[in-house]
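> Mind the numbering: the sequence shown is residues 232 to 428 in my numbering, read in order.
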Amino acid sequence: MCRFIESIKLADGRFYRLELHQARVDKAFADFYPTIKPINLSDLLLKSAFPESGTHKCRIVFDSEVQILEYVPYVRREIKSLKLVETDTETLPYKIEDRTKLNIAFAKREDCDDVLMTKNGLITDTSYSNIALFDGEKWITPKTPLLYGVNRAYLLAENKIVEKDIKNTELKNFTHIRLFNAMIEFGEIELDIDSIQ
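(1) Among residues of its own chain, excluding the 5 on either side of valine 316, which ones have a beta-carbon nearer than 8 Å to its beta-carbon?
(2) Does valine 356 come out as helix, strand or coil in the three-state DSSP assignment?
(3) Using only alpha-carbon positions, find the residue among Gly285, Ala280, Ile291 and Pro282 that is nearest to isoleucine 270.
(4) By alpha-carbon positions, which one of Phe281, Asn404 and Asp423 ends up nearest to leucine 410?
(5) Based on Cα-Cα distance, which residue from Val393, Ser426, Thr331 and Glu389 lies nearest to aspartate 366?
(6) In three-state terms, what does DSSP make of leucine 377?
(7) Among Val381, Ile327 and Ser238, which has the Cα closest to the Cα of tyrosine 305?
(8) What would DSSP say about phenylalanine 365, mapped onto helix, strand or coil?
(9) State the DSSP-derived secondary structure class of lysine 240, mapped to helix, strand or coil.
(10) From histidine 252 to isoleucine 397, what does the alpha carbon distance come to, in whole angstroms?
(11) Can you grab the Cα-Cα spacing for the pair threonine 355 / asparagine 334, in whole Å?
(12) Give me the DSSP bridge partner(s) of proline 304.
(13) Sorted by chain position, which residues of the same chain lie with C-beta nearer than 8 Å to tyrosine 247's C-beta, five sequence neighbours on each side aside?
(14) From the DSSP output, read off the bridge partner residues of valine 292.
(15) For lysine 311 versus threonine 320, is the C-beta distance shorter than 8 Å?
(16) Would you mind sorting arginine 245 into buried or exposed? The rule is 16 or more other CB atoms within 10 Å of its CB.
(17) Roughly how many angstroms lie between the CA atoms of isoleucine 327 and isoleucine 236, to the nearest whole one?
(18) Going by the CB atoms, is the gap between aspartate 294 and arginine 255 shorter than 8 Å?
(19) Between the alpha carbons of valine 303 and arginine 330, how many angstroms are there, rounded?
(20) Out of Leu313, Ser273, Ser279 and Phe263, state which residue places its alpha-carbon closest to the alpha-carbon of leucine 402.
(21) Skipping 5 residues on each side, what residues in its chain have a beta carbon closer than 6 Å to that of threonine 286?
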């Protein structure tokens with residue numbers, strides 16, 4: 232049985248987007264452990280000895296129960312270039328611990344900082360984040376990412392991004408790309424479209 236991961240942003244004692252993380256945990260339990268009550272993230276985290284200052288990644292590894300709970304000081308990776316790479320990675324509604332296929336794709340980045348993956352000719356994600364592309368008027372995120380991230384769900388609910396299939400041949404129609412995930416806020420990493428090779 233596979234193990235799952237939730238990476239939750241903890242900044243100055245505040246956990247970000249906990250309800251959306253909980254929904255993803257609930258989905259994993261419904262699909263894999265339907266007779267077991269899902270882990271309650273709020274109870275788990277508030278009872279833990281969490282750091283109250285600075286920014287940390289709260290990493291939870293679980294199957295039918297919590298296997299690992301750790302707080303790691305967060306340092307954002309510097310991303311200035313992306314390599315377009317085709318992948319056959321399965322689209323999932325939750326994060327699994329096994330990153331083998333993502334690591335295979337990441338290894339193809341050559342001299343770039345990360346990969347921008349495509350599946351069947353459609354843009355998906357980078358190896359560690361969801362993306363949105365700017366067409367001059369709005370930010371568009373791929374309709375079928377490899378991972379339905381919590382920050383992506385939040386941004387869609389707030390109408391800050393919209394979903395649409397994006398072919399890799401359509402990249403020239405956009406001016407900028409933003410990378411975001413549970414730890415990276417929307418707008419913290421923005422690149423010109425010509426940074427994609």
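Even for Gly, the Cβ is constructed at its ideal location relative to N, Cα and C.
The structure says:
(1) Walking along the sequence shown from the start, residue 316 turns up at place 85. The answer, listed in chain order, is Ala336, Lys339, Arg340, Val346, Leu347, Met348 and Thr349.
(2) Reading the sequence shown from its first residue, position 125 is the one you call residue 356. Just to set this straight, residue 356 is aspartate in the shown sequence, not valine. Of the three classes helix, strand and coil, the one that applies to aspartate 356 here is strand, per DSSP.
(3) Position 39 of the sequence shown holds residue 270. Out of Gly285, Ala280, Ile291 and Pro282, Ile291 has the C-alpha closest to the C-alpha of isoleucine 270.
(4) If you number the sequence shown from 1, residue 410 lands on position 179. Out of Phe281, Asn404 and Asp423, Asp423 has the C-alpha closest to the C-alpha of leucine 410.
(5) Translated into positions along the sequence shown, residue 366 becomes position 135. Of the candidates Val393, Ser426, Thr331 and Glu389, the one whose C-alpha sits nearest the C-alpha of aspartate 366 is Val393.
(6) Residue mapping note: residue 377 aligns to position 146 of the sequence shown, counting from 1. Leucine 377: coil per DSSP, three-state reduction.
(7) Here residue 305 refers to the residue found at position 74 of the sequence shown. Of the listed residues, the one whose Cα sits closest to tyrosine 305 is Ser238.
(8) Stepping through the sequence shown from its first residue, residue 365 is reached at position 134. In the structure shown, phenylalanine 365 sits in a strand (DSSP, three-state: E or B).
(9) For the purposes of this step, residue 240 is taken as the residue at position 9 of the sequence shown. DSSP places lysine 240 in strand when its eight states are reduced to three.
(10) Within the sequence shown, the letter at position 21 stands for residue 252. Within the sequence shown, the letter at position 166 stands for residue 397. Cα to Cα, histidine 252 sits roughly 26 Å from isoleucine 397.
(11) As a working note, residue 355 is residue 124 in the sequence shown. As a working note, residue 334 is residue 103 in the sequence shown. So the two alpha carbons sit approximately 15 Å from each other.
(12) Sequence index remark: in the sequence shown, residue 304 carries index 73 (1-based). Note: proline 304 sits in a beta bridge opposite His287.
(13) By 1-based counting over the sequence shown, the position of residue 247 is 16. Closer than 8 Å at Cβ, skipping near neighbours: Ile239, Lys240, Leu241 and Ala413.
(14) Walking along the sequence shown from the start, residue 292 turns up at place 61. Partner(s): Ile236 and Ile299.
(15) For the purposes of this step, residue 311 is taken as the residue at position 80 of the sequence shown. For the purposes of this step, residue 320 is taken as the residue at position 89 of the sequence shown. Cβ atoms of lysine 311 and threonine 320: not closer than 8 Å.
(16) Here residue 245 is taken as the residue at index 14 of the sequence shown, counted from 1. With fewer than 16 Cβ atoms within 10 Å of its Cβ, arginine 245 is classed as exposed.
(17) Here residue 327 corresponds to residue number 96 of the sequence shown, with the count starting at 1. Here residue 236 corresponds to residue number 5 of the sequence shown, with the count starting at 1. Their backbone Cα atoms lie some 6 Å apart in a straight line.
(18) Against the sequence shown, residue 255 aligns to sequence position 24. Against the sequence shown, residue 294 aligns to sequence position 63. No, the pair does not count as a contact, with Cβ atoms beyond the cut-off.
(19) Your numbering for residue 303 matches position 72 in the sequence shown. Your numbering for residue 330 matches position 99 in the sequence shown. Their backbone Cα atoms lie some 19 Å apart in a straight line.
(20) Within the sequence shown, residue 402 is the residue found at index 171, counting from 1. Closest option to leucine 402, Cα to Cα, is Leu313.
(21) Here residue 286 refers to the residue found at position 55 of the sequence shown. Correct list, in chain order: Ala242 and Tyr305.
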